[in-house]
Amino acid sequence: MARVQLTDVTKQYDDVTAVDNMNLDLKDGEFICLVGPSGCGKSTTLETIAGLTKPTSGEILIGDKEVTNLPPKDRGIAMVFQNIALFPHMDVYDNISFGLRLRDFPQDEMDERVDEAARVVRMKGMLDRMPSEMSGGQRQRVAIARAIVRDPDVFLMDEPLANLDAKLRVNMRTELQRLHKQLDTTIIYVTHNQAEAMTMSDRIAVLDKGQLQQIAPPLTCYNEPANRFVAGFIGSPSMNFADATVGDGTLDANGYSISFDTSAIDGVGNGDAVEFGIRPEDIYLESNSAEAKDPSRTFSVTTDVLEPMGDEIFVYLKPILDTSSEQADFEERQGLLMSIDPSSDIAEEEDVEIVLDRSHLHLFDDATGDAISHGIVAGAGVEADGESAQAD
Ligand code: ADP
874 MARVQLTDVT KQYDDVTAVD NMNLDLKDGE FICLVGPSGC GKSTTLETIA GLTKPTSGEI
934 LIGDKEVTNL PPKDRGIAMV FQNIALFPHM DVYDNISFGL RLRDFPQDEM DERVDEAARV
994 VRMKGMLDRM PSEMSGGQRQ RVAIARAIVR DPDVFLMDEP LANLDAKLRV NMRTELQRLH
1054 KQLDTTIIYV THNQAEAMTM SDRIAVLDKG QLQQIAPPLT CYNEPANRFV AGFIGSPSMN
1114 FADATVGDGT LDANGYSISF DTSAIDGVGN GDAVEFGIRP EDIYLESNSA EAKDPSRTFS
1174 VTTDVLEPMG DEIFVYLKPI LDTSSEQADF EERQGLLMSI DPSSDIAEEE DVEIVLDRSH
1234 LHLFDDATGD AISHGIVAGA GVEADGESAQ AD
């Protein structure tokens, strides 16, 4: 178990800055996911912690020890990679104990460690199996056991489940969480899969273009994304976004407006360009508007494609058409994705009324993408808004 600190870590490859001034302070025993799209610098960050890549500048501490220039073997880490490299001619026991044999561990201690690691990954009783006789999940468990026997201070895992089929991946997520509980070891886990990050981590570090965007518990990233990038990356399906302008007590987007108290939010003024975001589950059919904490005025929309998922229905809505702006260019308006209860009897090409939950409407600075507000409150004009909507 160890704390891991990265201070101003940068890794430059010619003209590519793979990691850009990264600062991370990971607690003892924490399960951290580094998450972000392909090429955002997750693996390079992990490699600098592992000692497989030397940072161009910056400092790395594992525990109290500065390790920036130490070789991997002296860092107290163990790695598990996406490609499970088991020795095909060795059985499970030999594969797990390989590193210990290299270091001349006494036989009885080796037996004890292999036994314990095999128990943790539920491979006891299979120690004489050959890799060819095992499933993908079992092979990955052997690779994890091989890391466990080294008794590392920190586990580094780079997309270890990426090659497994979807069902197995979900099972292995649970196994890794169980493993983390049992071992109580710091785990740094790289994935591009936000669902994996959401379900397993104590905190998620979201990266984009080599830079840390936010490090926070999963639900904080979901409910209070630091910026437009995190808001769009965390959550599936993604948040809806639209360009908007702050009016006099209104948020105006694509010809429709929502009343809100602009004075309640610092740094927002009349005429400011913002982007607003709302998650699919924060849009309601008017008939269910009581479920929204702070329903906005109603909007008339037409349903487009429906995607029944079993526990919810994703409803694609055609762009909002407000009579006040019928002349506006239709193409410029964005549609919305709404998630509703599976019991709703809704059809495609149906005219429906929707409301947005203002308390879950996010505002982002149009220029920087930084979050301005998570939730807005109704302004004095809310009733008038509702009436004008009905009059439409
Ligand atoms: P991720 O793991 O998020 O997919 P990487 O850390 O692998 O991203 O890569 C970050 C960036 O650094 C990418 O643009 C990648 O092309 C570049 N990069 C990574 N390794 C090297 C290397 N050895 N030489 C040159 N560029 C590299």
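Counting in our numbering, the sequence shown runs from 874 upward without gaps.
Even for Gly, the Cβ is constructed at its ideal location relative to N, Cα and C.
Remember, it's a predicted structure, so these values are computed and weren't measured experimentally.
Practice task
Output the residues surrounding the ligand ADP, defined as those with a CB atom closer than 6 Å to any ligand heavy atom, in chain order.
Solution key: Y886, V889, A891, G909, S911, G912, C913, G914, K915, S916 and T917
Problem - Test item: CB-CB of S970 and M952 under 7 Å - result: no
Handout entry: N1096 in three-state terms, based on DSSP
Key = helix
Handout entry: Per-residue burial, S1005 [other beta carbons within 10 Å of its own, 16 or more giving buried]
Key = exposed
Problem - Cβ shell of F1114 (< 6 Å), same chain only, five flanking positions each side left out - result: E1148 and G1150
Exercise for the section: Would you tell me roughly how many angstroms separate the C-alpha atoms of I1213 and L919, rounded to the nearest one? Expected result: 39 Å
Handout entry: Span separating the alpha-carbon of L1210 from that of P1153
Key = 5 Å
Exercise for the section: Please state whether DSSP places E1154 in a helix, a strand or coil. Expected result: helix
Exercise for the section: Can you give me the Cβ contacts of R1012 inside the same chain, cut-off strictly under 7 Å, excluding the 5 residues immediately before and after it? Expected result: I957, L959 and P1004
Problem - Short CB-CB distance (under 7 Å) between D1057 and chain B - result: Given the protein chain composition of this structure (a single chain), no chain B is represented.
Problem - For P928 and K884, the rounded distance between their alpha carbons - result: 5 Å
Practice task
Given a cut-off of 7 Å, decide if Y1062 and C906 are closer than it, judged by their beta-carbon atoms.
Solution key: yes
Exercise for the section: For N1113, name the three-state secondary structure that DSSP assigns. Expected result: strand
Handout entry: Y886 classed as buried or exposed, judged by whether at least 16 other C-beta atoms fall within 10 angstroms
Key = exposed
Practice task
Let me know the secondary structure DSSP gives M895 once reduced to three states.
Solution key: strand
Practice task
Sort out for me which residues DSSP pairs H1235 with in a bridge.
Solution key: G1150 and H1247
Practice task
Using only alpha-carbon positions, find the residue among Y1157, L925, I950 and T1175 that is nearest to G972.
Solution key: I950
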